[in-house]
Amino acid sequence: IAQCVREGHRIISLDVEAEMALKENPLLPETRSMLVFPLVSRGQTNGAITLQSTRRFAFTQEDVATLELMVNQLANVLESTTLYERSQSSLAETRMLYRIAQQITDARDAESVLKAAVDGLSQRAEPDWITAGLLEPQDNPIDLRIAVSWSRDSTTPPIKSFPLKQIRRLYEILRTDDRFVTPDATQDPMVDTFLRGIYVELGFRATAAFQLHVRGAQYGTIMIHRRKAREFTTAELNFYENVARQAFVALENISLMDTTREQAERRDILNQVLQTASSSLDLSVILRDVGEVIAKRLDMPTMMWVWDKIAVNAVSIHDAGGKLLIGERDAPRLSANDMLQVYNVIETGEPAHFTFSGGESNLFEGVHINFGKLLEEGFAVPLKARDTVYGVMVLGRQQGHEPITPMETEFLLTAAANVSVSLETASLYHEAQETAEKLKEVDLLKNQFMANMSHELRTPLNSIIGFSRVMIKGIDGPLTEMQETDLTAIYESGRHLLELINDILDISKINSGKMEIIYEPVDLRALIQSVMSTAMGFIKGKSIELRTDVPEDMPMIVADGRRIRQVLTNLLGNAGKFTEQGFIEVGTTFDDHQVILTVQDTGIGIPADRIHAVFEQFEQVDSSSTRKYGGTGLGVPLSREFVRLHGGDMWIQDSIVGQGTTFAFSIPIHGPGSSPEEPEIPENKDTVFSRVILAVDDDESVITLLRRYLEKEGYRVFGLTSGERVVAEAKRLKPYAITLDVIMPGKDGWTVIQELQSDPETRQIPIIICSVIGETDKALSMGVANYILKPISEQALLEVLSRIEQPEAGGYVLVVDDNPDDRKLLHRILENAGYRVQSAEGGAAAIKKITEKPPYLVILDLMMPDVDGFVVLETLKGNKATRNIPVVVVTAKELSLMDQERLNQRVQALLQKGLFDQQQLLEDVSTALERLNYKPRPKA
């Protein structure tokens, strides 16, 4: 039989005794004939069948053929049966793996994954004991903790964790090979002595261990044990490895999900910290509120310390729930001996870990703080900006809490960097406020001095002028020619000095806000004729022609006639002084809104580099010691102030050296704040609308609400519930303004804004965002006119539309730069382009101007002494009344990444000095002003 199986051929013996190769079978001693057939299937022998007889020559040829056919059929049946059994076994194993994989996938944490894996493996027949362990701590493991275990006879592990130093050999094998398999762990020299002793104690022999990795690092292990020593089959090992791989994938996914969730939570906390830090300009309030937020969100105590360059003070100490334990008023000032850890962080400017050796008792001497549990560890971060330390933020770890993680330290460093910027802003703001207050006080003292001195000088001057006039007229008796000449000189000098004092008094009143303007109807034609008569005295003895160009239909204006007369008289006096021959002409033009008056002469002209001096007090075009023309330098600046008090402005329209100068000023026809009548909306589909509003919101009730608010005020509201047709309808309706929600299905509001702004036909239409989300900075940076948070109030909506409808009269662009040459260049570029421009020579002056009279736009330098551009920007954006004013930064400063982040979405454009041309500046200014519906003043 063995020969048949080995060779795969049949053996036929009809006479066993005659064949020496066949041995007698002691079990069948009577055998005389024998047939042996191999069971062959697909070339492989799987067994044999033998037939024996007690008779010699018992089998015929036919018997052999028949039996061979039957044997072949039997071999095929056996193969089919074997294959079926194998397929069923494989199917059962696959189903088992699927169920285990499903249970592992459904697990929501690491221990649940390991339990599902162990439960699945326990369904196999061969394991006697299964354990799954986790390395702890993950960043620097020292133990393998048994998280889940199972045994067929309910054996419990003798210990809950294995110290890695006791199983170092197994740990190293798994790190390099991912699995360790031995038929007898009690005899294998690769098994650590510590483990071998445990296996002997529990009676386990065969062992298979599989490593679990997460993000390429060892995470834990699954071990399968048998009580009998034997080799594991390939099928068994493949099954175990498959389950281990499923567990590894699930652990990897859970780790990624946990990390993503933690990162999202950290971002959310950081956003809350930033929002809290930027909500105040009080250093103590910032530190206290930020400390409360971090303590609540991280569930860990926080301590916020402020450094005043002398001692450190606790602003706030919060427990893990965010409860304030110690406030600024309760905490004593601490020296370096009281809180050495904090002082070390201040001195080095670097973060530090430290331990609280005595719990909370060593924080303050004589002050008890009950945290509930003792403090064991702290992480301190300096609150530092531009090499200035404002304080220290400490995160504490209490007894029983997990150690402070790298993610928590990284979060605290990021939070500290952002809070430091807010602290710097608050500090600079207070410095700017103090500087502004001091400047205001100095300015007030100056004005009081000028007013008092002017009054004291005016009293005796009245007598000098009056009595000299009496004597000139001969009332006190006849005078000699010499006496009359001398008295006339005294009289004229007195009059000149009185005019100077009056100008100083007027400037003092204007600066102190006490100048009264009396508005009444003024006939401008008659006033000009009257002033021209007075002007004859300015050109006495000169070949100068006085001319006027005043339309017959010049309308009446509402103004202070005396001050307008004074303005014209000053300009004509200047023209007469600087003109020797030619002409002086007063001209006027007007529209529905304003009158523009010009005074043109053919005098000496003003050099381009001295134009700025014309409007500055006590400045003169020719300031040299040998100047030919006299004057105080107050007439033109004072005249411009009178014009601005009327809601207008004054500028130099044209000036060429040797050919003459043209001054121009505007006066609103109906007084300050008046605006032109609205242009009539053109006909559209046989209907004429007054002021059309295109309302875009996916909520129809919002559109209905806007109709109720606006139609009674004379507006006509057209509604769209999606952003798809906004541009097309805007072109068709040409609306006065568009109200727009940014959160809509399909095409959202931000996309609609980009489409409207990129189309020449719609980019000028003001856009008002009405939304539940507060992204004002983003919206304004995209050029919208205003932003209203839902729920929409009727008053807020009407006020926004009113500001579009009636822009502030006398609006101007403010240029802020400490360099006079740069300031002059920007001033000239903008003024020549038709903008009304004012200048500020530094940050403090800019804050003062912006506070007193907000401009339409600010052109801002960043590098300025004392109060720099960043402080001006923070002050501007921190004030509700000025935060929407566009800002264009023009600077020579090389911006760091932190500088760029501070400017991000807060300015409309950023230009480098020396690298931009005039057209680029004007385009950026024009773009920034488009959303305000601002237009340069017309030229005469």
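For the sequence shown, our numbering begins at 423 and goes up steadily by one.
Just so it is clear, CB atoms sit at the ideal spot from N, CA and C, and this is done for glycine as well.
| Any chance the region 1084 to 1094 sits against the region 1053 to 1069, with 3 or more Cβ pairs inside 8 Å? | yes
| query | Going by the CB atoms, is the gap between residue 1195 and residue 1164 shorter than 8 Å? | reply | yes
| message | As a quick exercise: from 799, 1025, 897, pick the residue whose alpha carbon is nearest that of residue 1004. | response | 1025
| So which of 458, 487, 463 has the shortest CA-CA distance to residue 474? | 458
| field | DSSP-derived helix/strand/coil call for residue 566 | value | strand
| query | How big is the Cα-Cα spacing for residue 1111 and residue 1278? | reply | Any reading at residue 1111 must be qualified, since the residue scores a pLDDT of 40, below 50, and its modelled position is unreliable; the value itself is stated next. Rounded to whole angstroms, residue 1111 to residue 1278 spans 30 Å at the Cα level.
| query | Can you pull the DSSP bridge partners for residue 1020? | reply | 1009, 1086
| message | Less than 6 Å between C-beta atoms, sequence neighbours within five positions excluded: which residues of the same chain meet that for residue 755? | response | 733, 735
| query | In chain order, what residues of the same chain have a beta carbon less than 6 Å from the beta carbon of residue 1179, not counting five sequence neighbours either side? | reply | 1185, 1205
| message | Taking the beta strand (DSSP E) that residue 602 belongs to, which residues open and close that run? | response | 601 to 604
| field | Sequence ranges, alpha helix (DSSP H) only - wholly within the region 915 to 964, length at least 4 | value | 946 to 957
| Going straight from the alpha carbon of residue 1208 to that of residue 691, what length do you get? | 29 Å
| query | What's the gap between the Cα of residue 648 and the Cα of residue 550? | reply | 5 Å
| request: Starting from the C-beta of residue 704, find all residues in its chain whose C-beta is less than 7 Å away, skip the five residues before and the five after it, and write them out in chain order. | output: 848
| message | When you compare the CB positions of residue 569 and residue 586, do they come within less than 8 Å of one another, or not? | response | no
| field | Alpha-carbon to alpha-carbon, residue 1199 and residue 728 | value | 31 Å
| query | Are the Cβ atoms of residue 1001 and residue 1009 separated by less than 8 Å? | reply | no
| Ends of the beta strand (DSSP E) at residue 725? | 724 to 729
| message | Given a cut-off of 8 Å on the beta-carbon distance, is the pair residue 1283 and residue 1310 in contact? | response | no
| task | For residue 1320, name the three-state secondary structure that DSSP assigns. | result | helix
| request: Return the residue from the list 975, 1216, 959 that minimises the CA-CA distance to residue 945. | output: 975
| field | Under the three-state DSSP convention, the category residue 513 falls into | value | helix
| said: Pairs of beta-carbons, one from the region 563 to 581 and one from the region 534 to 554, closer than 8 Å: are there three or more? | reply: yes
| field | Any 3 or more C-beta pairs closer than 8 Å across the region 676 to 695 and the region 791 to 805 | value | no
| message | Taking only three categories from DSSP, how would you classify residue 1243? | response | helix
| With a CB to CB cut of under 6 Å and the five nearest residues on each side skipped, what residues in its chain are close to residue 633? | 596, 600, 643
| request: Have a look at residue 437 and residue 505 and give me their C-alpha separation to the nearest angstrom. | output: 39 Å
| request: Within its chain, find whatever has a CB closer than 8 Å to the CB of residue 906; leave out the 5 residues flanking it on each side and keep chain order. | output: 894
| query | Is there contact here, the region 829 to 840 with the region 807 to 817, by at least three beta-carbon pairs under 8 Å? | reply | yes
| query | Can you name the start and end residues of the beta strand (DSSP E) that residue 1138 belongs to? | reply | 1137 to 1142
| said: Measuring only the C-alpha atoms, how far is residue 567 from residue 641? | reply: 11 Å
| request: Keeping to the same chain, check which residues put their C-beta closer than 6 Å to that of residue 425; ignore five residues upstream and five downstream. | output: none
| request: Go ahead and label residue 955 buried or exposed: buried means 16 or more other beta carbons lie within 10 angstroms of its beta carbon, across all protein chains shown. | output: exposed
| Between the region 991 to 999 and the region 956 to 971, do three or more beta carbon pairs fall short of 8 Å? | yes
| task | Take the Cβ of residue 762 as the centre, count every other Cβ of all protein chains shown within 10 Å, and call the residue buried at 16 or more, exposed below. | result | exposed
| said: Starting from residue 466, trace the alpha helix (DSSP H) in both directions and tell me its first and last residue. | reply: Looking at the DSSP string, residue 466 is not in any alpha helix (DSSP H); the run it does join, the beta strand (DSSP E), is 466 to 475.
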